[in-house]
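Going from the sequence shown to the working numbering is simple: count from 1 and add 1214.
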Amino acid sequence: MADLRDLYQEVILDHNRRPRNFRAIEGADRQADGYNPLCGDRLTVFVRFDGDVVSDVSFLGSGCAISKASASLMTEAVKGKSRAEAEALFAAFHAMVTSGVGAEPAGEGLGKLAVLGGVREFPARVKCASLAWHTLKAALTAEGETVSTE
Ligand code: ZN
């Protein structure tokens, strides 16, 4: 288990150091801002659709290592997915990070996103990890306002 933890830590640090899809999308179909006042994380998520498929997704912003790594992993996970698949991933991710300590980890089918499962032991970090997803959801549903984790 310690080895797995180290591996997860390594993935998170890598995505924080070299975030994937860390750029704006010119002429994005949708974008939304997210803010986590508890930690000070701020993100903008950009989405481009090809029909119902998320053909491109990116983010910009600043925040702690967890928020940045989570946003980076989120963009990798939802690119090429349909809107419904992206929302299903969000639901699975949310369930994973909010399941109680000691509960069976609900990381099934989440692939690399499972590296963030450990945050459920740190309630203050759950908002850091889920900010990118709440912001993505706002972009998908086109509410166009800043979402806050509060
Ligand atoms: Zn944070």
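Beta carbons: idealized from backbone N, C-alpha and C, even for Gly.
Annotated as proximal: ALA1352 and ALA1246, with beta-carbon spacing under 7 Å. With a cut-off of 8 Å on Cβ pairs, the segment 1335–1342 is not in contact with the segment 1224–1241, counting fewer than three such pairs. Residue environment analysis places ALA1302 among the exposed positions, since fewer than 16 neighbouring C-beta atoms fall within 10 angstroms of its C-beta. Counted as a single uninterrupted DSSP element, the alpha helix (DSSP H) harbouring PHE1307 occupies residues 1297–1312. With a cut-off of 8 Å on Cβ pairs, the segment 1246–1255 is not in contact with the segment 1223–1234, counting fewer than three such pairs.
ARG1234 and SER1362 have their C-alpha atoms roughly 23 Å apart. Membership of LEU1274 in the beta strand (DSSP E) is indicated by the continuous run 1267–1276. Cβ atoms of ALA1343 and VAL1259 stay farther apart than 8 Å, at about 15 Å. Here CYS1278 has CYS1253, ASP1255, CYS1342 as same chain residues with Cβ atoms under 7 Å from its own Cβ, once five neighbours each way along the sequence are excluded. In terms of side-chain proximity, the C-beta atom of ASP1247 is found no nearer than 6 Å to any non-hydrogen atom of the ligand ZN. Around ARG1262, the same chain offers ILE1239, ALA1242, ASP1243, SER1269, ASP1270 as residues with beta carbons nearer than 6 Å, after the five sequence neighbours per side are excluded. It is roughly 4 Å from the alpha-carbon of GLY1275 to the alpha-carbon of LEU1257.
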